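Undergrad: This is the structure, below, for whatever I ask next.
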Amino acid sequence: MHETQGEAMWGQLGGVPPHPDRGLELHGTGKQQGSVELPVGGESNSSLSSLVIPSRHRWSGKWTAILTLLLTLTAVGVAHRRANDVLKVSTKTPGEAMPTGGKTKRRNEKQPAPLRSRDSVTGAAYGAGQESVGALNGAESILGFDESPVGFGDRETSGYREFPHANWMAPAAEWHLPRTEEADTSPEGVAARRFLVELATKVCSGVGFENVDSLPTPQERDLAAAVAETLTMGRSSELVGLEVQLGNMMPLGRAVNPVSFIDPVRINRIVGSGVSSLYVEAYDEASGRFVTLRLHLAVADDDRQLSIEVTNRWVEIAMETRALVLACGDDSVSCGTTTRGLLIADHVGALVTADPNHRDGRMTIFQRVEVYERLVSHLLPLAFSLQYQRSPQALQAKAYIATRLVLQALHLHQAGVCHNGLSWRNLFINQQGTVLLGGLETLKQIGEALTRRDSLDPHYADPKLVADFFASFRQDMPAFTHEKNDMWSLGVLLFELFTGEELDSEFREGITTGAITQDELAERLQATGISSEWRTLVQGLLEPDREQRLSAEGAARIFRKIWERRKKHDKTELQLSPPEFLVLCLLRPVASSQAPRQFNNCCYPECLLYTAQDGVKFCGTEETGVPRAEEERGPSYIDSVKTLASLTVLSFTVSFFLAIASVLAVFFSFFSIYWIVFTGIHIFCSMVAVGAAYAQFRGIATQEHLEETVPIAASLPKVTEAV
Numbered sequence: 001m002h003e004t005q006g007e008a009m010w011g012q013l014g015g016v017p018p019h020p021d022r023g024l025e026l027h028g029t030g031k032q033q034g035s036v037e038l039p040v041g042g043e044s045n046s047s048l049s050s051l052v053i054p055s056r057h058r059w060s061g062k063w064t065a066i067l068t069l070l071l072t073l074t075a076v077g078v079a080h081r082r083a084n085d086v087l088k089v090s091t092k093t094p095g096e097a098m099p100t101g102g103k104t105k106r107r108n109e110k111q112p113a114p115l116r117s118r119d120s121v122t123g124a125a126y127g128a129g130q131e132s133v134g135a136l137n138g139a140e141s142i143l144g145f146d147e148s149p150v151g152f153g154d155r156e157t158s159g160y161r162e163f164p165h166a167n168w169m170a171p172a173a174e175w176h177l178p179r180t181e182e183a184d185t186s187p188e189g190v191a192a193r194r195f196l197v198e199l200a201t202k203v204c205s206g207v208g209f210e211n212v213d214s215l216p217t218p219q220e221r222d223l224a225a226a227v228a229e230t231l232t233m234g235r236s237s238e239l240v241g242l243e244v245q246l247g248n249m250m251p252l253g254r255a256v257n258p259v260s261f262i263d264p265v266r267i268n269r270i271v272g273s274g275v276s277s278l279y280v281e282a283y284d285e286a287s288g289r290f291v292t293l294r295l296h297l298a299v300a301d302d303d304r305q306l307s308i309e310v311t312n313r314w315v316e317i318a319m320e321t322r323a324l325v326l327a328c329g330d331d332s333v334s335c336g337t338t339t340r341g342l343l344i345a346d347h348v349g350a351l352v353t354a355d356p357n358h359r360d361g362r363m364t365i366f367q368r369v370e371v372y373e374r375l376v377s378h379l380l381p382l383a384f385s386l387q388y389q390r391s392p393q394a395l396q397a398k399a400y401i402a403t404r405l406v407l408q409a410l411h412l413h414q415a416g417v418c419h420n421g422l423s424w425r426n427l428f429i430n431q432q433g434t435v436l437l438g439g440l441e442t443l444k445q446i447g448e449a450l451t452r453r454d455s456l457d458p459h460y461a462d463p464k465l466v467a468d469f470f471a472s473f474r475q476d477m478p479a480f481t482h483e484k485n486d487m488w489s490l491g492v493l494l495f496e497l498f499t500g501e502e503l504d505s506e507f508r509e510g511i512t513t514g515a516i517t518q519d520e521l522a523e524r525l526q527a528t529g530i531s532s533e534w535r536t537l538v539q540g541l542l543e544p545d546r547e548q549r550l551s552a553e554g555a556a557r558i559f560r561k562i563w564e565r566r567k568k569h570d571k572t573e574l575q576l577s578p579p580e581f582l583v584l585c586l587l588r589p590v591a592s593s594q595a596p597r598q599f600n601n602c603c604y605p606e607c608l609l610y611t612a613q614d615g616v617k618f619c620g621t622e623e624t625g626v627p628r629a630e631e632e633r634g635p636s637y638i639d640s641v642k643t644l645a646s647l648t649v650l651s652f653t654v655s656f657f658l659a660i661a662s663v664l665a666v667f668f669s670f671f672s673i674y675w676i677v678f679t680g681i682h683i684f685c686s687m688v689a690v691g692a693a694y695a696q697f698r699g700i701a702t703q704e705h706l707e708e709t710v711p712i713a714a715s716l717p718k719v720t721e722a723v
């Protein structure tokens, strides 16, 4: 119906068309259910529309308010979402709530797998544990970490990237990392640990030709003198020989012996130092065993600063306990040593002292003391002493240390944390020769911000991190930990271990600026004789560009190949019969005297039955750091041993049957001169064959022994000059 028709009908009735009413609607002719019809003309109802007034519902007048409310809530929600993308403020610690980036489209993207590579993060940084840069900055920060909110709108500026908290802590099961104790129980691990204990004993006692710095260092001696003056109230400055009383011992890594620490313990020597701590060896006469004590210190310029420093140190000690729990992941703290290779204290107690403050008012000793198992030394002097050792045991020791280093670092990253202080001084060796990773006071969750009280060692720290850390002092933008910072430090340690050369500042700057290319780095690594997998791993870790550097997952993938090949080829069993096995066992003393390189580094006789692949001259594969032979000179050593064993067994077998036949012939009167002649000829030929095989075996063994002796003799002038 058209509107003109309605206006005409109102005109016929003599009225004025009313104003439009929202409650009135025009409908077509016909009855509508639930409505009231008002006829406007009695005779024309068939040609005119009926004016229908619908029943008014109680919500009919509120549609405008409801629509306005919905639009308002939608606008508030969109504004809140954009605000969260620009700035997210969390009341949790930086490691518990990861800030987000500035791009809202990332919310609709699929989240990556747990602990995948965060290559695109450009602002992340890395902490370290040496006191060379930024150590003990007094009142810079009272808390161990800065809880003030920091927000940046751009992801490239802030270094943030949105990752759920569960992704940071979830273990990466696809890595399939072995337990660190598996490297200790292997034959090469046992021999390497025995060699490391002997070498560490020589280094600590000053015996041998190792070109290392004096132990302890001058800084450690000054610190020890200050500790002695504090404990004796100024009566003595000699820490060695001092007796201290320990009490309130509580178990941490193991149970406390009831008879331990009843009497005062006597300090024997200085083991090492950490961030505001000193490691000393002590002897407990009550239990008759040696232990290592860790003493916590606080040093400042004056009394006022000392009180602030003490507060900071207490917070840092509490944060270290938190870091220890994070480092163990799903394992208990007591299992952290065996599964992850961490240096965990056996007990935690108190140091009984009359006055913990130094007389000059600038240092104090905390009563808290941590008791470890006996530690022989840190690895700084041992790592560079191995370059003068040309024996296969030294090569096995390098392989063992490298394996432990990689496993320790990867286990931490698998738990979602990074060490931030990988260095030789934070690696210790105990009296069993096991390499343990200490310095957990620098450990943080991946993505957690560094504070101004944290310290970096530029020798091992990522160059990008060093720049970010110094920039944080000039501008209000903290540095953040990143998984690839630890990877750089791991690459530096492996390079120094395999090459025996210190990665000095000039060489490090050359790598960073590109003056030293990856090809030159590969040549240096290839000269060490390590396998291609190890070279690939070290080169990938020493990539100066963080975007191109190997991530923890990539390093785990390469190391898994090394580990699987080692387990597969490290013990390739020869198909020998039981008589051949018996002959080899009987010949073992002779073989050991002729080829020390083949047998002396084995821990059990069955090692004689195993060899590596592709012409490797002695036990172990190239994956363990043993160099491959440059060329094959005739039959290999193990082939000559097998030939000798086979001929000997064959000769003894035929001689045995001929002897039985001769006895039977005599017994049944079938005696003939031919039996005697034939037996004599066989014995003579057998002796010639066995003698020829033995001569071949002895010649190869002597040749290999000379090949091993020549490099040692050639290196003697260099060693003498170094000493």
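First residue of the sequence shown: 1, per full-length UniProt numbering; consecutive thereafter.
For glycine and all other residues, C-beta sits at the position ideal for the given N, C-alpha and C.
Computed from a predicted model, the values in this text were never measured in an experiment.
1. If you check the beta carbons only, do Leu-252 and Asp-346 fall under 8 Å apart?
2. Hey, out of Val-649, Leu-422 and Lys-561, whose CA is closest to Leu-537's CA?
3. Is it true that the CB of Gly-336 sits closer than 8 Å to the CB of Ala-327?
4. Is it buried or exposed for His-176, if we count other Cβ within 10 angstroms and need 16 for buried?
5. Could you give the uninterrupted runs of the alpha helix (DSSP H) lying entirely in the region 186-258, keeping only those of 4 residues or more?
6. Less than 6 Å between C-beta atoms, sequence neighbours within five positions excluded: which residues of the same chain meet that for Arg-254?
7. If you follow the alpha helix (DSSP H) that Ser-273 is part of, which residue opens it and which one closes it?
8. Using a 10 Å radius around the Cβ and a threshold of 16 neighbouring Cβ atoms, would you call Pro-258 buried or exposed?
9. Would you say the region 371-381 touches the region 291-309, given that touching needs at least three Cβ pairs under 8 Å?
10. Starting from Pro-401, trace the alpha helix (DSSP H) both ways and give me its first and last residue.
11. Would you please verify whether the beta carbon of Thr-517 is less than 8 Å from any beta carbon of chain D?
12. Does the beta-carbon of Ile-446 have 16 or more other beta-carbons within 10 angstroms, so that it is buried, or is it exposed?
13. Would Leu-278 and Leu-297 qualify as a contact pair, given that the criterion is a beta-carbon distance under 8 Å?
14. Is the beta carbon of Leu-490 closer than 8 Å to that of Leu-422?
15. Quick one: give me the first and last residue of the alpha helix (DSSP H) that Ser-385 is part of.
16. Under the rule that 16 or more other beta-carbon atoms within 10 Å means buried, what is Val-376, buried or exposed?
17. If distances are taken between C-alpha atoms only, which option among Val-275, Asp-184, Ser-287 and Val-265 comes closest to Glu-281?
18. Comparing C-alpha positions only, which one of Ser-260, Pro-392 and Gly-272 sits nearest to Glu-285?
19. At 4 residues or longer, and completely inside the region 293-365: list those alpha helix (DSSP H) runs for me, N to C.
20. Please classify Pro-218: is it buried, with 16 or more other beta-carbons within 10 angstroms of its beta-carbon, or exposed?
21. From the DSSP output, in three-state form, read off Phe-656 for me.
22. Per DSSP, which one or two residues make a beta bridge with Val-371?
23. Please look up how many angstroms separate the CB atoms of Leu-242 and Ala-228, rounded, as I've assumed it's under 8 Å.
24. With distances taken between CB atoms, is the gap from Glu-188 to Gln-396 smaller than 8 Å?
25. Taking only the alpha-carbon atoms, compute the straight-line gap between Val-197 and Gln-408 and give it to the nearest angstrom.
26. Leaving aside the five residues before and after Glu-564 along the sequence, list all residues of the same chain whose C-beta is less than 7 Å from its C-beta, in chain order.
27. I'd like the span of the beta strand (DSSP E) that includes Ile-511, first residue to last.
28. Find the nearest neighbour of Thr-180 within the set Val-654, Leu-343 and Val-203, judged by alpha-carbon distance.
29. So, helix, strand or coil for Leu-427, using DSSP?
30. Note down the Cα distance separating Phe-684 from Gln-393, rounded to an integer number of angstroms.
31. What three-state label does DSSP hand Tyr-388 in the structure shown?
32. So what's Leu-465 in DSSP terms, helix, strand or just coil?
33. Hey, out of Thr-512, Phe-498 and Phe-473, whose CA is closest to His-459's CA?
34. Going by C-alpha to C-alpha distance, which of Ala-224, Gln-414, Val-256 and Ser-651 sits closest to residue 725?
35. Could you tell me how far apart the beta carbons of Leu-199 and Ser-385 are, in whole angstroms, since I believe they sit closer than 8 Å?
36. Would you say Thr-230 and Met-363 are within 8 Å of each other, going by their C-beta atoms?
TA: In short, the structure shows the following:
1. The residue you call residue 252 lines up with position 252 of the sequence shown. The residue you call residue 346 lines up with position 346 of the sequence shown. Annotated as proximal: Leu-252 and Asp-346, with beta-carbon spacing under 8 Å.
2. Your numbering for residue 537 matches position 537 in the sequence shown. Out of Val-649, Leu-422 and Lys-561, Lys-561 has the C-alpha closest to the C-alpha of Leu-537.
3. Along the sequence shown, read from residue 1 onward, the residue named residue 327 stands at position 327. Along the sequence shown, read from residue 1 onward, the residue named residue 336 stands at position 336. It is a contact, given that the beta carbons lie within the stated cut-off.
4. In the sequence shown, counting from the first residue as 1, residue 176 sits at position 176. With fewer than 16 Cβ atoms within 10 Å of its Cβ, His-176 is classed as exposed.
5. For secondary structure counted as the alpha helix (DSSP H) over 4 or more consecutive residues, the region 186-258 holds these complete runs in sequence order: 187-205 and 218-231.
6. Here residue 254 refers to the residue found at position 254 when the sequence shown is read from its first residue. The residues are Asp-346.
7. Within the sequence shown, residue 273 is the residue found at index 273, counting from 1. From DSSP, Ser-273 is part of no alpha helix (DSSP H) but of the beta strand (DSSP E) over 265-274.
8. Indexing the sequence shown from 1 puts residue 258 at position 258. That one is exposed.
9. yes
10. Here residue 401 refers to the residue found at position 401 of the sequence shown. Reading the sequence as shown, one finds Ile at residue 401 and not Pro. 392-414 is the span of the alpha helix (DSSP H), which, as asked, contains Ile-401.
11. In the structure shown, chain D cannot be found, because there is only a single protein chain.
12. The residue labelled residue 446 in the question sits at position 446 within the sequence shown. So Ile-446 counts as buried.
13. As a working mapping, residue 278 is identified with position 278 in the sequence shown. As a working mapping, residue 297 is identified with position 297 in the sequence shown. A contact, by the Cβ cut-off of 8 Å.
14. Taking the first residue of the sequence shown as position 1, residue 422 is located at position 422. Taking the first residue of the sequence shown as position 1, residue 490 is located at position 490. Closer than 8 Å, so yes.
15. In the sequence shown, the residue the question calls residue 385 occupies position 385. Where Ser-385 is concerned, the enclosing alpha helix (DSSP H) stretches over 380-385.
16. As a working mapping, residue 376 is identified with position 376 in the sequence shown. Val-376 comes out buried.
17. Locating residue 281 in the sequence shown gives position 281, where the first residue counts as 1. For the residues Val-275, Asp-184, Ser-287 and Val-265, the minimum Cα distance to Glu-281 belongs to Val-265.
18. Position 285 of the sequence shown, counting from 1, holds the residue named residue 285. Here the closest residue by C-alpha is Ser-260.
19. 303-328 and 336-340
20. Residue 218 sits at position 218 when you count from the first residue of the sequence shown. So Pro-218 ends up on the exposed side.
21. To locate residue 656, count along the sequence shown from 1; it is residue 656. Three-state DSSP puts Phe-656 in a helix.
22. The residue you call residue 371 lines up with position 371 of the sequence shown. Beta-bridge partners of Val-371 (DSSP): Leu-293 and His-347.
23. The residue you call residue 242 lines up with position 242 of the sequence shown. The residue you call residue 228 lines up with position 228 of the sequence shown. For a cut-off of 8 Å, the C-beta gap from Leu-242 to Ala-228 is around 6 Å, short enough to register as a contact.
24. Here residue 188 is taken as the residue at index 188 of the sequence shown, counted from 1. Here residue 396 is taken as the residue at index 396 of the sequence shown, counted from 1. Their beta carbons are under 8 Å apart, which means Glu-188 touches Gln-396 by this criterion.
25. The count along the sequence shown starts at 1 and reaches residue 197 at position 197. The count along the sequence shown starts at 1 and reaches residue 408 at position 408. Straight-line Cα distance between these residues: approximately 20 Å.
26. The residue labelled residue 564 in the question sits at position 564 within the sequence shown. Residues of the same chain with a CB within less than 7 Å of the CB of Glu-564, apart from the 5 flanking positions on each side, do not exist.
27. For this step, residue 511 is matched to residue 511 along the sequence shown. Counting along the chain, Ile-511 falls outside any beta strand (DSSP E), though it belongs to the alpha helix (DSSP H) covering 505-513.
28. Counting from 1 along the sequence shown, the entry for residue 180 is found at position 180. The residue with the shortest Cα to Cα distance from Thr-180 is Leu-343.
29. Looking up residue 427 in the sequence shown gives position 427. The answer is strand: DSSP assigns Leu-427 an E or B state.
30. Working through the sequence shown from its first residue, we reach residue 684 at position 684. Working through the sequence shown from its first residue, we reach residue 393 at position 393. Phe-684 and Gln-393: Cα-Cα distance of roughly 42 Å.
31. Here residue 388 is taken as the residue at index 388 of the sequence shown, counted from 1. In the three-state DSSP reduction, Tyr-388 falls in the helix class (H, G or I).
32. Reading the sequence shown from its first residue, position 465 is the one you call residue 465. Three-state result, Leu-465: helix.
33. Stepping through the sequence shown from its first residue, residue 459 is reached at position 459. Comparing Cα positions, the closest option is Thr-512.
34. For residue 725 there is no data in the structure shown, the boundaries of the chain being 1 and 723.
35. For the purposes of this step, residue 199 is taken as residue 199 along the sequence shown, with counting starting at 1. For the purposes of this step, residue 385 is taken as residue 385 along the sequence shown, with counting starting at 1. That belief holds up - the Cβ atoms of Leu-199 and Ser-385 are roughly 6 Å apart, short of 8 Å.
36. Working through the sequence shown from its first residue, we reach residue 230 at position 230. Working through the sequence shown from its first residue, we reach residue 363 at position 363. Yes, Cβ-Cβ distance for Thr-230 and Met-363 is below 8 Å.
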